[in-house]
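*Asks:* Counting in the numbering used here, the sequence shown runs from 456 upward without gaps.
Built from N, CA and C at the ideal position, the CB exists for glycine as well.
The structure presented is a predicted model; accordingly, all values stated were derived computationally and were not measured.
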Amino acid sequence: MITILGISAFYHDSAAALIADGNIIAAAQEERFTRKKHDDQYPKNAINYVLSEANLKLSNIDHIVFFEKPFLKFERLLETYLAFAPKGFKSFSLSMPIWLREKLFQKNFLFEKLKEHDKNFNDIKKLSFSEHHYSHAASAFYPSPFNEAVVLTLDGVGEWATSTIAVGRNNELKIVKEMHFPHSLGLLYSAFTYYTGFKVNSGEYKLMGLAPYGEPKYKDLIINKLMDLKDDGSFRLNMDYFNYATGLTMTNKKFELLFNHPVRDPKTEKITQFHMDIASSIQIATEEIILRIVRNISEENNIDNLCLAGGVALNCVANGKILEKKYFKNIWIQPASGDAGGSLGAALAFWFNELKNSRNVLKNDQMKGSFLGPGFNDNDIEKELGLCKAHYKKLSGERLIDTVAKELANKKIVGWFQGRMEFGPRALGGRSIIADPRSEKMQKDLNLKIKFRESFRPFAPSVLSEDVSNWFEINNESPYMLLVAKIKKNLQIDMSNEDKKLFGIDKLNVKRSIIPSVTHVDYSARVQTVHKETNPKYYNLIKRFKELTDCSVLVNTSFNVRGEPIVCSIKDAFNCFMGTNLDILVCENFILYKNEQTESLKKDYKSEFELD
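In structure tokens form, the structure reads like this:
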């Protein structure tokens, strides 16, 4: 057996992944263990976890692959600072000491860190480096259900590349086109994230969620002034408006003058119609650019299948538009599309590309539903609940499913902690908060009383895979919650003339369908199809809920509050349960009711985590 450890770290979303003979054994983000959102530090805990899952020591591992090449990244930084000099000296003087101390000589730095895991690990030759976008592309193609595919990666920036097009055939994957820094769709979207007062590399999905409340009034201004966009989707940004190449901010004063508004300060300025219109404009512009790229690569390559990865591939609204256009027959998106997934891609790239191993393509995919993180047995759980001083009951099999389904039908909100933790940013029924989607006030309650976050944020529906086309305008499977589709027309509720006059967030209170908690203001939803093969317990719960209510959909949001990583351990789950208005916590076969817990164990969770 040949084992390969993949590592991503030092930008954001550090992670580790382990494969054995090309099969994915385990993968997890460091943030889940440290409880620090988007943790970018060396993923010590994630590495310890994946090794323990395989029952291996580091010295047993055959190859270790880092997801990018630090020397190339350093070259890009130096060349960029020289190109823009004397601008950016402050940024240069702040970043260079860190590079010279830690990042430039990363092989030695990593080797020293790795030795801390195992005193018998002493072979630096085991350590290799992939390229950032090649790691992304490998993470998308190799686990996909396709023998042949075009692979599109879009993100902020790796070493030099910001977007790549690759072609994968069997075990071979070759990048055929690249766009280079500073011209980046990911950084363009992040510039608008920054401009609307959200946190870069964290708040992009807020911008996407805000977009349907606005009108794309500034789309033409974005495309005509901020870039030179070609028919094939390639573009050059007008760097006169941006500051990210050399500065400490994403945009500059000229950018503010173009839109006639300063950067929103989230501490002092509320979100207004202007910010909603800006969000709508950049979202529509992004979709136009992506659709041009996808149309062009479908015309250039006589291939039916498309794979997507990179942070921009988490823009599920754009993914839904790609699906609608039918430029490709089949689409597969890596569930850990961001930098965390680079750890998995680096390991897979080495196995197939460097070691030239043959590839076994599975009908669904190789990701095991993305349930690649830690799981816990009943003994572990009972011990942890005891340490937490929790009051619980143990129910097994059908009795547990029946009890929870009835509680959900009675509008109770449930923390659902089952099986192995998900790899990637989405909770898929392993570490989820679930509720009844038929409730008109559930979205508001979940946002304000459970998640402690902005009321406009939408929630996703989990639906039985065989029922998806009964509820949504989509016939495709969407197991990783990465496609947006409209609610079926016959389930929609038309807006009255009075409703249509409402502006912005006021639209939130209008009932739009018979499943209002998962229906966004534009009648869309970010769909997750649930499959018996990958998550039987969650599947059976939704099936039982359907038998009780004739509704085969549940609200599914990640088990955390805003600013907190998704829960990983039983202790994390209990803390979140006691710090929010969750009614019930279910950990495998154990059920806990809030009203049965000791009052003194309640937590002030609202101020526990930084705003994201």
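Per the DSSP calculation, Cys-1042 is bridged to which residue(s)?
*Replies:* Along the sequence shown, one-based indexing puts residue 1042 at 587. For Cys-1042, which the question treats as bridged, DSSP gives the partners Phe-872 and Phe-1045.
*Asks:* Going along the chain, which residues of its own chain have a beta-carbon closer than 6 Å to the beta-carbon of Ala-666, five neighbours each way excluded?
*Replies:* If you number the sequence shown from 1, residue 666 lands on position 211. If we look at Ala-666 and ignore the five residues flanking it on each side, its Cβ neighbours are Ala-734, Ser-735 and Gln-738.
*Asks:* Based on Cα-Cα distance, which residue from His-986, Asn-925 and Ser-933 lies nearest to Ile-969?
*Replies:* Translated into positions along the sequence shown, residue 969 becomes position 514. Out of His-986, Asn-925 and Ser-933, Asn-925 has the C-alpha closest to the C-alpha of Ile-969.
*Asks:* What is the DSSP secondary structure of Gln-789, counted as helix, strand or coil?
*Replies:* Taking the sequence shown and counting its residues from 1, the one referred to as residue 789 is at position 334. Residue state, collapsed to three classes: coil.
*Asks:* Leaving out the 5 sequence neighbours to the left and right, which residues in its chain are closer than 8 Å to Ile-942 when beta-carbon positions are compared?
*Replies:* What you label residue 942 is simply residue 487 of the sequence shown in a count that begins at 1. Closer than 8 Å at Cβ, skipping near neighbours: Trp-926, Phe-927, Glu-928, Arg-967, Ser-968, Ile-970, Thr-974, Tyr-978, Ser-979 and Ala-980.
*Asks:* If you measure between the beta carbons of Leu-1037 and Gly-885, is that distance less than 9 Å?
*Replies:* Translated into positions along the sequence shown, residue 1037 becomes position 582. Translated into positions along the sequence shown, residue 885 becomes position 430. No, the Cβ-Cβ distance between Leu-1037 and Gly-885 is not below 9 Å.
*Asks:* If you follow the beta strand (DSSP E) that Leu-609 is in, where does it begin and where does it stop?
*Replies:* As a working mapping, residue 609 is identified with position 154 in the sequence shown. Here the beta strand (DSSP E) through Leu-609 covers 603-609.
*Asks:* Is the stretch 805-815 touching the stretch 779-797 in the sense that three or more CB pairs, one from each, lie closer than 8 Å?
*Replies:* With the cut-off at 8 Å, the stretch 779-797 and the stretch 805-815 do not touch.
*Asks:* The alpha helix (DSSP H) spanning Gln-728 covers which residue range?
*Replies:* For this step, residue 728 is matched to residue 273 along the sequence shown. Its alpha helix (DSSP H) spans residues 728-755.
*Asks:* Compare the Cα-Cα distances from Lys-1155 to each of Phe-653, Ile-502 and Glu-932 and report the closest residue.
*Replies:* Residue numbering for the chain in the displayed model covers 456 to 1067; residue 1155 lies beyond these limits and cannot be assessed.
*Asks:* Extract the residue ranges of the alpha helix (DSSP H) inside the stretch 928-982, only unbroken runs of 4 or more that lie entirely within it.
*Replies:* With a minimum length of 4 residues, the continuous alpha helix (DSSP H) runs that stay inside the stretch 928-982 are 952-955.
*Asks:* Can you tell me where the beta strand (DSSP E) with Pro-916 in it begins and where it stops?
*Replies:* Taking the sequence shown and counting its residues from 1, one reaches residue 916 at position 461. From DSSP, the beta strand (DSSP E) with Pro-916 extends over 915-919.
*Asks:* With DSSP as the reference, identify every bridge partner of Ala-481, one or two as the case may be.
*Replies:* Sequence index remark: in the sequence shown, residue 481 carries index 26 (1-based). Answer is Leu-473, bridged to Ala-481.
*Asks:* Which of helix, strand or coil does DSSP assign to Ala-616?
*Replies:* The residue given as residue 616 occupies position 161 in the sequence shown. DSSP places Ala-616 in strand when its eight states are reduced to three.
*Asks:* Whole angstroms is fine: what's the gap from Asp-1005's alpha carbon to Met-705's?
*Replies:* For this step, residue 1005 is matched to residue 550 along the sequence shown. For this step, residue 705 is matched to residue 250 along the sequence shown. Each residue's Cα considered, the two are about 49 Å apart.
*Asks:* Please name the residue, chosen from Leu-1047, Glu-508, Asp-683 and His-493, that lies closest to Val-655 on a Cα-to-Cα basis.
*Replies:* In the sequence shown, counting from the first residue as 1, residue 655 sits at position 200. Ranking Leu-1047, Glu-508, Asp-683 and His-493 by Cα distance to Val-655 puts His-493 first.
*Asks:* With DSSP collapsed to three states, give me the class of Ala-700.
*Replies:* Numbered from its first residue, the sequence shown carries residue 700 at position 245. Here Ala-700 sits in coil by DSSP.
*Asks:* Would you say Leu-569 touches the ligand COA, meaning its beta carbon is less than 8 Å from a heavy atom?
*Replies:* In the structure shown, the ligand COA is absent, as is every other ligand, since no ligand is present at all.
*Asks:* Flag this pair as yes or no: are the beta carbons of Ala-764 and Ala-592 separated by less than 9 Å?
*Replies:* Position 309 of the sequence shown, counted from the first residue, corresponds to residue 764. Position 137 of the sequence shown, counted from the first residue, corresponds to residue 592. Yes. Within cutoff.
*Asks:* How should Val-631 be labelled, buried or exposed, when 16 other C-beta atoms within 10 angstroms of its C-beta is the threshold for buried?
*Replies:* For this step, residue 631 is matched to residue 176 along the sequence shown. When all chains shown are included, Val-631 counts as exposed.
*Asks:* Straight-line CA distance for Phe-805 to Val-520?
*Replies:* Along the sequence shown, one-based indexing puts residue 805 at 350. Along the sequence shown, one-based indexing puts residue 520 at 65. When rounded, the distance between both Cα atoms is 8 Å.
*Asks:* I want to know whether the stretch 596-607 touches the stretch 639-655 - three or more CB-CB distances under 8 Å.
*Replies:* Counting Cβ pairs under 8 Å, fewer than three are found: no touch.
*Asks:* Starting from the C-beta of Ile-836, find all residues in its chain whose C-beta is less than 7 Å away, skip the five residues before and the five after it, and write them out in chain order.
*Replies:* Counting from 1 along the sequence shown, the entry for residue 836 is found at position 381. Closer than 7 Å at Cβ, skipping near neighbours: Ile-1025, Cys-1042, Glu-1043 and Phe-1045.
*Asks:* By a C-beta neighbour count over all protein chains shown, 10 Å radius and 16 as the cutoff for buried, is Asp-610 buried or exposed?
*Replies:* The residue you call residue 610 lines up with position 155 of the sequence shown. Buried: at least 16 other Cβ atoms inside 10 Å.
*Asks:* Using C-beta distances below 8 Å, list every residue in its chain close to Arg-893, excluding the 5 sequence neighbours before and after it, in chain order.
*Replies:* Within the sequence shown, numbered from 1, the residue matching residue 893 stands at position 438. Cβ neighbours of Arg-893 beyond the five flanking positions: Ile-969, Ile-970, Pro-971, Ser-972, Thr-1004 and Cys-1006.
*Asks:* Tell me which residues share the same chain as Asp-833 and place their Cβ nearer than 7 Å to its Cβ, disregarding the 5 neighbours each side in the sequence.
*Replies:* To locate residue 833, count along the sequence shown from 1; it is residue 378. So the qualifying residues of the chain are Glu-1043 and Asn-1044.
*Asks:* Three-state secondary structure (DSSP) at Glu-1051?
*Replies:* In the sequence shown, counting from the first residue as 1, residue 1051 sits at position 596. In this structure, Glu-1051 counts as helix in the three-state DSSP scheme.
*Asks:* Going by DSSP, what residue range makes up the alpha helix (DSSP H) through Gly-652?
*Replies:* Residue 652 sits at position 197 when you count from the first residue of the sequence shown. Unbroken run through Gly-652: none, as it is neither H nor E.
*Asks:* With DSSP as the reference, identify every bridge partner of Ile-462, one or two as the case may be.
*Replies:* Translated into the one-based positions of the sequence shown, residue 462 becomes position 7. Per DSSP, Ala-471 and Phe-521.
*Asks:* Can you check which of these residues, Gly-1018, Asp-720 and Glu-586, is closest to Thr-619 by C-alpha distance?
*Replies:* Against the sequence shown, residue 619 aligns to sequence position 164. Nearest option by C-alpha distance: Glu-586.
*Asks:* Label Gly-797 either buried or exposed according to how many other C-beta atoms from any shown protein chain fall within 10 Å of its C-beta, with 16 as the threshold for buried.
*Replies:* The sequence position of residue 797 within the sequence shown is 342, counting from 1. That one is buried.
*Asks:* Classify Cys-762 as helix, strand or coil using the three-state DSSP reduction.
*Replies:* For this step, residue 762 is matched to residue 307 along the sequence shown. Cys-762: strand per DSSP, three-state reduction.
*Asks:* What residues are listed by DSSP as bridge partners for His-986?
*Replies:* For the purposes of this step, residue 986 is taken as residue 531 along the sequence shown, with counting starting at 1. According to DSSP, His-986 bridges with nothing at all.
*Asks:* Across which residues does DSSP place Lys-629 in a beta bridge pair?
*Replies:* Sequence index remark: in the sequence shown, residue 629 carries index 174 (1-based). Val-622.
*Asks:* Figure out for me which residue from Asp-900, Phe-831, Ala-845 and Lys-823 has the closest Cα to the Cα of Leu-1068.
*Replies:* A question about residue 1068 goes unanswered here, because the residues of the chain that appear run from 456 up to 1067.
*Asks:* Taking C-alpha atoms, which residue in Asn-770, Asp-495 and Ala-509 lies nearest to Asp-476?
*Replies:* Residue 476 sits at position 21 when you count from the first residue of the sequence shown. Per the Cα distances, Ala-509.
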